[in-house]
Amino acid sequence: MSAVPVNAEEPKPAKQSEINSVTPKPRPTVILFDVNETLLNLAPLKTSVGKSLGGREDLLPLWFSTMLHYSLVETLSDNYHDFGEIGTASLMMVAKNQGIDIQYEDAKEAIVTPLRSLPPHGDVIASLKSLSQNGYRIISLTNSSAIGVETQFKNAGLTDLFEKRYSVETVKKFKPHPAPYRMVLDDLGVEPNEVLMVAAHAWDLAGAKNVGLQTAFIARPGTSLYPNVERPDYVVSDLQELVRVLK
100 MSAVPVNAEE PKPAKQSEIN SVTPKPRPTV ILFDVNETLL NLAPLKTSVG KSLGGREDLL
160 PLWFSTMLHY SLVETLSDNY HDFGEIGTAS LMMVAKNQGI DIQYEDAKEA IVTPLRSLPP
220 HGDVIASLKS LSQNGYRIIS LTNSSAIGVE TQFKNAGLTD LFEKRYSVET VKKFKPHPAP
280 YRMVLDDLGV EPNEVLMVAA HAWDLAGAKN VGLQTAFIAR PGTSLYPNVE RPDYVVSDLQ
340 ELVRVLK
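Numbers in the working numbering are just positions in the sequence shown, counted from 1, shifted up by 99.
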């Protein structure tokens, strides 16, 4: 192993908003969007979850990570409940561990209704229109159920902006398992490097990159990259910046 010079400079951390320009990528033809938190603002969910937990809005990240954890447990154990069911169960688990009493129906109401009525982030609608006008095919892929994302898009005014919506419900494997991404590729009849996966979740992009997709990380508040995987091809502060980069 070659030694590192004593006076070698430490590498400077990369800026939050930048392009990974080490290897030039071909222009994608399809932009594949994650939905929850990437496009839709989780603020109303924070309020409803906090209210169900006796005002503990600070527990939303714990609930969300618990939901993701058990979606992977279901995938690895060849089981499947939809995201709403897992979210409800996860809320009950968090409540119990915090010594908070909550009934199943109350937990379900705190999750499912707000989850299907989330507003889009302020940069979403104009950015999607701009990308579409620039010739990109606009598609979505979510861990939510098919009826769930249909309702979400209708309530958020996003339905007409997307060519197709995909749900993991079709393959009953949650992202970042390879199956959902491959399902999209097979159905669209495109190669992996023709697709750019856009998400605010490092785990989602890790799954997409594993299948060969190009990736773009949207740095929504409270999100960060996962250092143990290949860096996304694009790292931007919001969708407006991604639009400028892709133009």
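No residue lacks a Cβ here, since even glycine has one placed at the ideal position from N, Cα and C. The model shown is predicted, which means the values in this text are computed figures rather than measured ones.
Proximity to VAL342 across LEU304, LEU214, TYR235 and HIS300 peaks at TYR235, based on C-alpha coordinates. DSSP places GLN232 inside the alpha helix (DSSP H), whose first and last residues are 223-232. At a Cβ-Cβ threshold of 9 Å, LEU240 and VAL283 count as neighbours. Taking 9 Å as the cut-off, the beta carbon of VAL328 is found no closer than this to the beta carbon of ALA318.
Distance from the CA of PRO219 to the CA of ASP181, rounded to the nearest whole angstrom, comes to 22 Å.
The alpha-carbon separation between PRO275 and SER170 amounts to approximately 10 Å.
DSSP lists no beta-bridge partner residue for MET191. When secondary structure is reduced to three states using DSSP, ARG264 falls in the strand class.
For THR322, the secondary structure class from DSSP, reduced to helix, strand or coil, is coil. The way I'd put it, the region 184-204 doesn't touch the region 225-233; fewer than three beta-carbon pairs between them come closer than 8 Å. Counting every other CB atom within 10 Å of its CB across the protein chains shown gives LYS272 a total of 16 or more, marking it as buried.
The beta-carbon separation of ILE237 and ILE130, rounded to 6 Å, stays under the 8 Å limit for a contact.
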